[in-house]
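Just so we're aligned: the sequence shown equals residues -21 to -1, 1 to 337 in mature numbering (1 follows the signal peptide of the UniProt record, and there is no 0).
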Amino acid sequence: MKKRKIGMALSLVLAAGTLLGACGKSDNKSETSNGGDKDTFSVAMVTDVGGVDDKSFNQSAWEGLQKFGKDNGMEKGKGGYDYVQSKSDADYATNLNTLARQDFDLVFGIGFLMQGAVDEIAKQQKDHHFAIVDSEVKEPNVASILFKEQEASFLAGVAAAMTTKSNKIGFIGGIEGAVIERFEAGFVAGVKAAKPEATVDIQYAGAFDKAELGQSIASKMYSSGADVIFHAAGGTGVGLFKEANDRKKKDPSREIWAIGVDSDQANMGPDVVLTSALKRVDNAVIDVSTKAKDGNFPGGKIALYGLAEDGVGLAPINSKAPNKSAIETAVKDWTDKIKSGSVKVPGTRAELKTFSAK
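Next comes the structure, spelled out in structure tokens:
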């Protein structure tokens, strides 16, 4: 009888301890959307091979992540905001998985080349949220971020057409795919809308991280008479700026121009950068991160950003550009038409064939 009373008392003490422990856990931490307990929000990104300092796509994403982190009182590193840089495509899955295992609430995969890796890891890490930039992954824990790149590059095409004297314009793409095709189609449409007689030489480097290839292609284009070249090639495009700067130094009187992409790349050559087709990856990263933090993560959906959503745009026209004022007026007019829906910019080569700006 005495042993039974002691056993019952011990059971009651253990039960009470368990209950108090559970209550203490609930009081100290808030519940996350995936059912776990966490008192802070954390977010990180995996770059593609271009790196976080590519002066383009990855850098824009990282700048957005940094701004989000600082605006929300977060610190760089585990438990706050951070990034992992990929040296090759073989690193994508490993890097995504590493950040998920470090318990970041949201992990971004930057670039369409990461589609397969994001799909793979998202299926394995179902309790974590992911976002893919420039591609679609149809998983409930993945937000797919897409842009209307054609709208920004259309405006760049208008600027190029109104600047060229030779009527020969160049386009340098990185790796062929739907994203860069949108840049290409929009740019050619803008050129044709502003100056139908101008021609566009289109060439692809087959890489986003080979500046030497970008310079080689640019050299051939300038030598063939092109006086304005637009690149949508990430780090490869750095070679375009080097070639343009080198030629300008040799012959300061020669009017040659380069057009940047993703970020405002005016600092790559104050005398040669006409403008840049902006792709506000930073704004998209901030938007999706904010939604995730607020419990409104758009998992399984596409988040589409165009001119109307401040997701794309055109950087200021170089003050040294001929017809600067006229270009700015034309860009504003076309922007208004695109935003209103009266002009639908083609996003594929097939759509470009039937495009009419009238």
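Built from N, CA and C at the ideal position, the CB exists for glycine as well. On a predicted model such as this, the values are computed, not experimentally measured, just so you know.
Comparing C-alpha distances from D70 to each of Q104, L92, G58 shows the shortest one belongs to L92. Contact between the segment 237 to 248 and the segment 53 to 71 is not established, with fewer than three Cβ pairs separated by less than 8 Å. Residue range 178 to 183 is occupied by the beta strand (DSSP E) that includes T178. The beta carbons of A110 and I148 sit no closer together than 9 Å.
For L75, the uninterrupted alpha helix (DSSP H) segment begins and ends at 71 to 80.
Boundaries of the beta strand (DSSP E) harbouring D61: 60 to 63, taken from the DSSP string. Taking all protein chains shown into account, N302 has fewer than 16 neighbouring C-beta atoms within 10 Å of its C-beta and is therefore exposed. Distance from the CA atom of V25 to the CA atom of F83, rounded to whole angstroms, is 12 Å. Between A237 and I208, the gap from beta carbon to beta carbon is short of 9 Å. Rounded to whole angstroms, V252 and K280 show a C-alpha spacing of 37 Å.
Residue range 217 to 229 is occupied by the alpha helix (DSSP H) that includes G218. Its chain contains F276, P277 as the residues whose beta carbon lies nearer than 7 Å to that of K270, once the 5 sequence neighbours on both sides are disregarded; these appear in chain order. A direct Cα-Cα distance of roughly 20 Å separates L44 from K66.
A direct Cα-Cα distance of roughly 20 Å separates I181 from L257. Annotation: S335 is outside any alpha helix (DSSP H) and is labelled neither H nor E by DSSP. Looking at the DSSP output, I89 sits in a beta bridge with V112. Within the model, the alpha-carbon separation for G165 versus A157 is close to 12 Å.
M247: not part of any alpha helix (DSSP H); DSSP gives it neither H nor E. The straight-line gap separating the alpha-carbon atoms of L293 and L134 is approximately 7 Å. Burial of P325 is indicated by the presence of at least 16 other C-beta atoms within 10 angstroms of its C-beta.
For the pair A172 and A336, the CB atoms are nearer than the 9 Å cut-off. Ranked by Cα distance from N224, the options P249, G95, Q38, E160 are led by P249. For S132, the three-state secondary structure derived from DSSP is helix.
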